[in-house]
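Student: Here it is, the structure in full.
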Amino acid sequence: MSGSDEPADLARQMRVKAQQLAEAAERATDPEERQRLEKKSRTIRDRSEQQSAMAAGDIYPEK
């Protein structure tokens, strides 16, 4: 794997994790646990979108 593939792979892995958390939230019976998992899923999904945009050169991290 080349170094240029790493940001895209990281974003993909983050999306997979976010999806797993969202599915776990759907199965959760405890409302607090469901809310915690949904929030974590959204956070990871947001970060993966930012990572994807950075990898594509659409945005740059703040210094």
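Be aware that the sequence shown starts at 1136, since it is given in the numbering used here, and climbs by one per residue.
No residue lacks a Cβ here, since even glycine has one placed at the ideal position from N, Cα and C.
#1: Between A1146 and S1176, which are expected to be in contact by the criterion C-beta below 8 Å, what is the C-beta distance as a whole number of angstroms?
#2: Is the beta carbon of E1173 closer than 8 Å to that of A1190?
#3: Go ahead and pull the three-state DSSP assignment for A1190.
#4: Quick one: what does DSSP say T1164 is sitting in, helix, strand or coil?
#5: Quick check: the Cα distance between T1164 and Q1170, rounded to an integer number of angstroms?
#6: Which same chain residues, not among the five before or five after Q1186, have their C-beta less than 8 Å away from its C-beta?
Tutor: Reading it off the structure:
#1: That pair is no contact at about 15 Å.
#2: No, Cβ-Cβ distance for A1190 and E1173 is not below 8 Å.
#3: Residue state, collapsed to three classes: helix.
#4: Three-state result, T1164: coil.
#5: Straight through space, the alpha carbons of Q1170 and T1164 are spaced by roughly 10 Å.
#6: The residues P1142, L1145, A1146 and M1149, in chain order, have a CB closer than 8 Å to that of Q1186 in the same chain once the five nearest residues on each side in sequence are set aside.
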